[in-house]
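Reading through the structure tokens given below for one structure.
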Amino acid sequence: MTSSQSIRQKYDKLHPKSKILAEQAQNLFPEGVTHVSRKFGPYPVYMDRGSGPRKWDVDGNEYIDFRTGHGSMILGQAHPAVVKAVQDQMAKGTHLSSGTELEIKWAQTIRRLVPSVQKMRFVSSGTEANMMAFRVVRRFTGKEKIVKFKGAFHGWSDDEYVTDPDTDRKYGIPKGTSASMVLVEPHSLPALDKALSSSKDIAAVIWQGNDIARPEYVKGVEQLCRSHGVLFVIDEVVSGFRWSRSGAQGMFGLKPDLSTFAKILAGGLPGGVVAGRADILDVIGEGGVRHPGTFNANPLSAAAGSAALGLVETEPVGERAFASAQRMRAGINKVLQQMEIPGGAYGQSSIVMVSLGADVDIDDRFAVPKGTEQGGRPVANAVLDEMHLAMINEGLWAHPASMILSSTHSDRDIDATVDRYAAALRSVRKSGMI
Numbered sequence: 001m002t003s004s005q006s007i008r009q010k011y012d013k014l015h016p017k018s019k020i021l022a023e024q025a026q027n028l029f030p031e032g033v034t035h036v037s038r039k040f041g042p043y044p045v046y047m048d049r050g051s052g053p054r055k056w057d058v059d060g061n062e063y064i065d066f067r068t069g070h071g072s073m074i075l076g077q078a079h080p081a082v083v084k085a086v087q088d089q090m091a092k093g094t095h096l097s098s099g100t101e102l103e104i105k106w107a108q109t110i111r112r113l114v115p116s117v118q119k120m121r122f123v124s125s126g127t128e129a130n131m132m133a134f135r136v137v138r139r140f141t142g143k144e145k146i147v148k149f150k151g152a153f154h155g156w157s158d159d160e161y162v163t164d165p166d167t168d169r170k171y172g173i174p175k176g177t178s179a180s181m182v183l184v185e186p187h188s189l190p191a192l193d194k195a196l197s198s199s200k201d202i203a204a205v206i207w208q209g210n211d212i213a214r215p216e217y218v219k220g221v222e223q224l225c226r227s228h229g230v231l232f233v234i235d236e237v238v239s240g241f242r243w244s245r246s247g248a249q250g251m252f253g254l255k256p257d258l259s260t261f262a263k264i265l266a267g268g269l270p271g272g273v274v275a276g277r278a279d280i281l282d283v284i285g286e287g288g289v290r291h292p293g294t295f296n297a298n299p300l301s302a303a304a305g306s307a308a309l310g311l312v313e314t315e316p317v318g319e320r321a322f323a324s325a326q327r328m329r330a331g332i333n334k335v336l337q338q339m340e341i342p343g344g345a346y347g348q349s350s351i352v353m354v355s356l357g358a359d360v361d362i363d364d365r366f367a368v369p370k371g372t373e374q375g376g377r378p379v380a381n382a383v384l385d386e387m388h389l390a391m392i393n394e395g396l397w398a399h400p401a402s403m404i405l406s407s408t409h410s411d412r413d414i415d416a417t418v419d420r421y422a423a424a425l426r427s428v429r430k431s432g433m434i
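Next comes the structure, spelled out in structure tokens:
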């Protein structure tokens, strides 16, 4: 029996109910999943419940959770304050076809946390927030093109997902949409300056706030936007309320014209917002950008978001998550050194990236290994695929190269995670892959 077979056999033994559900899903959903990242081999695991830093699957297996609702659960699973807020509102109504006091409270908290915000408009996701931001900057400036950095992810709508002509056709993106986006090499101010100098039809530059980038570069992006007279937009969907209480813009000392938020914003429920300068957002309305949306600022999301952001504002939520991430990075780096595996744990804020095979300067908080996606995560490969299954077998629910922490992860959780990560590495090493 090879080590690879033993990892697979252990996986099968642990997940018989998940295997049955995965077989049923094949007849219901394209590729058998409802989100691209939930597809992995030999079949996905199906979760049943979560509490704090832990989750349990349909087979009763317990995991330490480092996917945390795709990053939305900085308070951990089923935080009592958020649960109570949603339960209380559920009894009063889930959709009242009107504005509510909750949306006012939610918006006021956002404005207190993020100094660049004057007005805002709620939507139902990060993708929708960036869609609205794109439409608003085009209407406000009268210009059509938007600059994005190659490899950046801003959602799955047409213009957000523009990559290159061949890929765009594969994704079903029209040629005209592709032509409306200007793709620029990331982390190169000269490349951005050249792009902004080459066209008078650029409305805005959008930067992905969770990109691991040096302060001088990010501030340079903002300065180039100002000098060329284009709007500066920060996608804070991941970094918002995590990099700092006011997101990446707070950490770097930036003042964007517009920002987009989601994930933590709504306390684990669907919700997003585009926020920033009042004069720009005032193009939304009759005679300008019309904005319907059945579930905009719906009472359940507003209740959850207001409760969650209230805790972010008044308690050291982000600080606790960051401290746990620092402890995890140090622990994993010690394991890699002891096992003599090239690579390292790195990353910003409370997200821990791990490179296996490519060296990284672990003493430089802005360093990333070569060959990463924008945002700093290593590109998927066979080693990471095998490591993924091995980690699940050890009770870790995480992307093998990217772990997102919550404020509920204790020192004991982190130390157990490092031990389990080491056990997963040993399982993969037996196969000769690392």
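For what it's worth, this note's numbering labels the leading residue of the sequence shown as 1, then goes sequentially.
Glycine included, every Cβ here is placed at the ideal spot set by N, Cα and C.
For the region 21–82, the continuous beta strand (DSSP E) assignments of 3+ residues that do not extend past its boundaries occur at 47–51, 54–57, 62–65, in sequence order. Within the same chain, and ignoring the five residues on either side of L281 in sequence, the residues whose Cβ sits closer than 6 Å to its Cβ are K119. Counting the other Cβ atoms within 10 Å of the Cβ of F29 gives fewer than 16, which makes it exposed.
By the criterion of at least three beta-carbon pairs nearer than 8 Å, the region 78–91 is not in contact with the region 224–238. Annotation: the continuous beta strand (DSSP E) that includes R121 extends over 119–123. Apart from sequence neighbours up to five positions away, the residues of its chain that approach K39 with a beta-carbon distance below 8 Å are E31, G32, V33, ordered along the chain. If you ignore the 5 residues before and after W207, its C-beta comes within less than 6 Å of the C-beta of V221, I234, all in its own chain and listed in chain order. The Cβ atoms of N296 and Y11 lie no closer than 8 Å to each other. In this structure, DSSP gives P378 an extended state, which the three-state scheme calls strand.
Our two residues, E23 and F140, have alpha carbons roughly 49 Å apart in a direct line. Scanning the region 94–152 for uninterrupted beta strand (DSSP E) segments of 3 residues or longer gives 119–123, 145–149, listed from N- to C-terminal end. Going by C-alpha positions, A424 is about 39 Å away from S306. Per DSSP, reduced to three states, the secondary structure at Q337 is helical. In the displayed model, Q223 falls within a helix according to three-state DSSP.
Counting the other Cβ atoms within 10 Å of the Cβ of K194 gives fewer than 16, which makes it exposed. Contact between the region 154–162 and the region 108–123 is absent: fewer than three C-beta pairs spanning the two stretches fall below 8 Å.
For the 8 Å CB-CB criterion, G151 and T408 do not form a contact. In the three-state reduction of the DSSP assignment, F366 falls in the coil class. Residue burial is scored here from C-beta neighbours: E185 has fewer than 16 other C-beta atoms within 10 angstroms and is therefore classed as exposed. Contact between L265 and F241 holds: their C-beta atoms lie close to 7 Å from each other, under 8 Å.
In the DSSP assignment, W207 forms a beta bridge with I234. With 16 or more other Cβ atoms inside 10 Å of its own Cβ, S427 counts as buried. Here A203 is near K145, since their CB atoms are less than 8 Å apart. Y171 and D57 have their C-alpha atoms some 33 Å from each other. In this structure, DSSP gives I404 an extended state, which the three-state scheme calls strand. As the crow flies, the alpha-carbon of A401 is around 37 Å from that of M90. Beta-bridge pairing by DSSP links S259 to I234, A275. Where L356 is concerned, there is no enclosing alpha helix (DSSP H), although the beta strand (DSSP E) around it starts and stops at 351–356. The alpha-carbon separation between G347 and I404 amounts to approximately 10 Å.
Distances from the alpha-carbon of W243 to those of R226, D257, F261 put F261 closest. For V312, the enclosing alpha helix (DSSP H) covers residues 299–314. Residues A325, M328, R329, A345, M403 of the same chain have their beta carbon placed closer than 6 Å to that of V352, with the five preceding and five following residues left out of the count. Between the alpha carbons of V312 and K148 lies a gap of roughly 30 Å.
Of the candidates G247, L254, S355, L254 places its Cα closest to the Cα of C225. The C-alpha of G343 lies about 30 Å from the C-alpha of G155. The beta-carbon separation of S124 and G293, rounded to 6 Å, stays under the 8 Å limit for a contact.
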